[in-house]
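Contents: one structure, followed by commentary.
Number of protein chains: 2
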Amino acid sequence: MRILVTNDDGIDSPGIYALAQALQGVGEVTVVAPNQQQSAVGHALTVAVPLRVHPYERNGKPFGHAVTGTPADCVKLALDAILPERPDIVVSGINHGRNTAVSLIYSGTVSAATEGTLLGIPSIAISLDNFSLDADFTHAAEVAAWLVPILHQHHLPRGVLLNVNVPAIPRDQIKGVRIAEQGSGFWNDRYEVRHDPMGRPYYWLTGSYIPDGHSGSDDQLLTEGYVTITPIHYRLTDHTMLEELRTWGIEGKGGA
Amino acid sequence: MRILVTNDDGIDSPGIYALAQALQGVGEVTVVAPNQQQSAVGHALTVAVPLRVHPYERNGKPFGHAVTGTPADCVKLALDAILPERPDIVVSGINHGRNTAVSLIYSGTVSAATEGTLLGIPSIAISLDNFSLDADFTHAAEVAAWLVPILHQHHLPRGVLLNVNVPAIPRDQIKGVRIAEQGSGFWNDRYEVRHDPMGRPYYWLTGSYIPDGHSGSDDQLLTEGYVTITPIHYRLTDHTMLEELRTWGIEGKGGA
């Protein structure tokens, strides 16, 4: 099995290192990841400037390919120009911090898996519910190593990815694995206004995440101590609203 | 009616100018837009560095606020720190080039409207099906000025936006307005490998768009000469796959 590993925290982050190490025992791993932090980049693609690729070493040994771009760039470029053969699976992570609810829209980790599944490769995004620098990724990496062969045996349709979140608690407190729905948690954020030495204002985004407390949501199950797995699609037409729009009387010559 | 206007092509682009001019007759317009081109940024937020805001003039008159960030940043910052009152509507565009099918995932134009509706403001993304620099935005701007008051009279639920595409053909050839589904068109793209003067390779994304030819899709109706309106949501759980996953036997203690 050929596994493409990427992330959004950058190729030098501990999360991708733990992930790549754990997946070595599962298949042939190639790491292609951003050369620097790319959090909250959404599904960005680099189109205005070209990409560069540099070999990246870790502990004195070749670790992967560092790309001067976004997570989605990494997957696209890996398939088109770096990997000699198409991978069987794309795994993106392990992200520092949960990717649940509305965060899926902003997440670079998820966007890499999105690009993977859009290109027809079964893809997983995996995140650990811990923002701290000394987070322990061991267990989350083992969850990935457990899930990847299972995914390889099943069919995941093009355009659908698996979004996995792992609680950052001692292993013996984890309650198990649950299939979860995307919650409706949101960021309660605002801009902090500061002033530079010349007295000019600048604005820095700050805030806290308000998780969805409904049972069955990714947010709530994760908080309760479950590893959550959520299938994510990108069929974005709102069919209820589509029918509603037909009653507005806007079709026809009106605005055209 | 208070209207927030933004885009992803940058505050100096002709599309946002035509849009803001046309909406002056409809409500009180405030322009808050990126200070430079932000195409294909997806739903990126700037978190690692602060944002700056500069007044921007056009034809010697105040035009709007130029933000050193992404389209989503612009909407968030406008609501939190620039506008004295919440806007009634967010309009993002007019984009140079269609935003249909898979492009919605990459589009900065759409991401601004996404941020608007996530923040509870009825929001529209509008694009003209023409990439050329001398595209005529007049008619697309009139479509926006027609649709905004209609939207203001109706209810658009939080989390749903209207994605509008306008054909770039003479007005008398436009067939009318149609409610459309997001198509399944895709980019057939690849990286062109070039070499710098030192002989080192760099990779530039290039390719062409393959529109969805199914009747009723945004792609096809737009190609046929209709103004298309598609309601877009972000409830990303794939419920069919969720039920399928339950049959994989992965819930429980297995991977945890």
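Here the protein sequences line up with chains H and U, keeping their order.
Our numbering runs 46 ahead of the 1-based position in the first sequence.
Our numbering runs 46 ahead of the 1-based position in the second sequence.
The beta carbon of each residue, even a glycine, is placed where N, CA and C say it ideally should be.
Collapsed DSSP secondary structure at residue i in the structure displayed
i        : result
H/PRO168 : coil
U/GLY110 : strand
U/GLY222 : strand
H/SER138 : strand
U/GLY298 : strand
U/PRO117 : helix
H/PRO130 : coil
H/TYR102 : strand
H/ARG246 : coil
H/GLU92  : Position check: residue 92 of chain H holds Thr in this sequence, whereas Glu was assumed. H/THR92: coil per DSSP, three-state reduction.
H/VAL194 : helix
H/SER149 : helix
U/ASP265 : helix
H/VAL87  : coil
H/GLY253 : strand
Residue i at chain H interface by Cβ criterion, 8 Å
i        : result
U/ASP284 : yes
U/ARG236 : yes
U/GLN266 : no
U/PRO96  : yes
U/LEU179 : no
C-beta neighbour in chain B for residue i, strict 8 Å
i       : result
H/HIS89 : Annotation note: the requested chain B is absent from the structure, which comprises protein chains H and U.
Separation of residue j from residue i, as counted between CA atoms
i        : j        : result
H/GLN219 : U/TRP233 : 45 Å
U/SER178 : U/SER85  : 15 Å
H/ALA190 : H/LEU197 : 10 Å
U/GLU161 : U/THR155 : 10 Å
H/ALA181 : U/VAL136 : 40 Å
H/PRO96  : U/ASP242 : 11 Å
U/LEU291 : H/GLY139 : 21 Å
U/GLU238 : U/TYR249 : 6 Å
U/LEU267 : H/HIS89  : 26 Å
U/HIS260 : U/PRO203 : 28 Å
U/GLY73  : U/ALA158 : 19 Å
H/HIS142 : H/SER153 : 11 Å
U/GLY106 : U/PRO60  : 16 Å
8 Å Cβ cutoff, residue i in contact with chain U
i        : result
H/TYR249 : yes
H/PRO243 : no
H/ILE196 : yes
H/ALA112 : no
H/LEU129 : no
H/SER169 : no
Cross-chain neighbours of residue i in chain H, by beta carbon under 9 Å
i        : result
U/MET287 : LEU202, PRO203, VAL206, LEU208, PRO277, ILE278, HIS279
U/LEU174 : Result: empty, since nearest Cβ-Cβ is about 13 Å, beyond 9 Å.
Proximal chain U residues relative to residue i, where beta-carbon distance stays under 8 Å
i        : result
H/GLU297 : GLY222, VAL223, ARG224, ILE225
H/GLN228 : ARG281, LEU282, THR283
Chain H residues whose Cβ lies nearer than 7 Å to that of residue i
i        : result
U/VAL148 : LEU164
U/VAL78  : Those within 7 Å of U/VAL78 in chain H number zero; the least Cβ separation is about 12 Å.
Under 8 Å from the C-beta of residue i: neighbouring residues of chain H
i       : result
U/GLN70 : Result: empty, since nearest Cβ-Cβ is about 18 Å, beyond 8 Å.
U/LEU65 : In chain order: nothing, as chain H lies at least about 14 Å away.
Cβ-Cβ separation, residue j to residue i (assumed contact under 8 Å), whole Å
i        : j        : result
U/VAL212 : U/VAL273 : 5 Å
Contact list for residue i against chain U, beta-carbon separation under 7 Å
i        : result
H/TYR152 : HIS89, LEU91
H/ASP126 : ARG236, TYR237
H/GLN83  : ALA94
Amino acids of chain U, ordered along the chain, whose beta-carbon sits closer than 9 Å to that of residue i
i        : result
H/THR160 : ILE151
H/ARG292 : ILE225
Any non-hydrogen atom of the ligand SAH within 7 Å of residue i CB
i       : result
U/VAL99 : Absent from the structure shown: the ligand SAH. Ligands present: none.
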